[in-house]
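Residues are numbered in the working numbering as their position in the sequence shown, beginning at 1, plus a constant of 96. Here a beta-carbon is modelled for each residue, glycine too, at the ideal position from N, C-alpha and C. First up is the structure itself, then whatever we jot down about it.
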Amino acid sequence: MTQRSDLSGVGGELGPALQCLQSAAQLGLNASVPASGSLSGNVIVSNGWKSFAVGLKSTQAGQISVQRFLDLAGTVPQGAAVTAALTANTAGYATVGADGLPFASVQVTVTNSGASAATLSNVQGLFQAS
Numbered sequence: 097m098t099q100r101s102d103l104s105g106v107g108g109e110l111g112p113a114l115q116c117l118q119s120a121a122q123l124g125l126n127a128s129v130p131a132s133g134s135l136s137g138n139v140i141v142s143n144g145w146k147s148f149a150v151g152l153k154s155t156q157a158g159q160i161s162v163q164r165f166l167d168l169a170g171t172v173p174q175g176a177a178v179t180a181a182l183t184a185n186t187a188g189y190a191t192v193g194a195d196g197l198p199f200a201s202v203q204v205t206v207t208n209s210g211a212s213a214a215t216l217s218n219v220q221g222l223f224q225a226s
């Protein structure tokens, strides 16, 4: 196996699928989510990656959604956002790309249905080539 150390300093073995990790800061999800509000992350250019997944924990119940876009700026949606319910203090995730539809960028939004601000932890995004 070839050792890789050029993926954002993560390192590891080169496996059968190329992957690219996205941190909370890269995703724009390194802040709290207001009570009964939402936090929209950065629009992330996909650079040809075929699928994207994001996982996180929230101290409040809510929803995580991933919207794909046909343009780099995130202004032309590719279908409806993929959503998943979040249970307080339990890891949740959402994945796009299994349907094969093309996309140029993605944006993650976390919604808080609780009466107090939600703190996010264990935030990780992952692009995969196949």
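- For A176 and P112, the gap between their C-alpha atoms comes out near 30 Å.
- Sequence-distant Cβ neighbours of A194 in its own chain, meaning closer than 8 Å and more than five residues away, are S147.
- When DSSP reads this structure, G188 sits in a beta bridge with L152.
- For A120, there is no enclosing beta strand (DSSP E); the residue is part of the alpha helix (DSSP H) that begins and ends at 120 to 123.
- In this structure, T205 is the residue among A157, T205, G158 with its C-alpha nearest to the C-alpha of A149.
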